[in-house]
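Here the sequence shown is numbered in our numbering, starting from 1 and rising by one per residue.
C-beta atoms are modelled at their ideal positions from N, C-alpha and C, and glycine is treated no differently.
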Amino acid sequence: MDEQRAAETEAVRRRRDRTVRGLVELMERRRELRGVHPMADHLAESLGWMV
1 MDEQRAAETE AVRRRRDRTV RGLVELMERR RELRGVHPMA DHLAESLGWM V
């Protein structure tokens, strides 16, 4: 049970990292998207240095 839960947690973390990385890369490629969605701007600015 613990191994399964650890695997699920790891899968969630990988999906989250992939999603944030994709957002940051998109915002870097398409500067015109800045200002369209405040939360996306916040995530890209706050977490962009990590990915």
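Quiz item: What residue ranges within the segment 1 to 30 form continuous alpha helix (DSSP H) runs of no fewer than 4 residues, ordered along the chain?
Solution: Qualifying alpha helix (DSSP H) stretches, in chain order: 2 to 29.
Quiz item: Under the rule that 16 or more other beta-carbon atoms within 10 Å means buried, what is residue 66, buried or exposed?
Solution: This structure leaves residue 66 out entirely; the chain is present only between 1 and 51.
Quiz prompt | Straight-line Cα distance separating residue 9 from residue 40 | solution = On the sequence shown, position 40 is the one that residue 40 refers to. On the sequence shown, position 9 is the one that residue 9 refers to. Distance between residue 40 and residue 9, taken at the CA atoms: about 24 Å.
Quiz item: Quick one: Cα of residue 2 to Cα of residue 31, how far?
Solution: Within the sequence shown, the letter at position 2 stands for residue 2. Within the sequence shown, the letter at position 31 stands for residue 31. Going by the C-alpha atoms only, they are around 43 Å apart.
Quiz item: How long is the line joining the alpha carbons of residue 14 and residue 45, rounded to whole angstroms?
Solution: In the sequence shown, counting from the first residue as 1, residue 14 sits at position 14. In the sequence shown, counting from the first residue as 1, residue 45 sits at position 45. Distance between the alpha carbons of residue 14 and residue 45 is about 20 Å.
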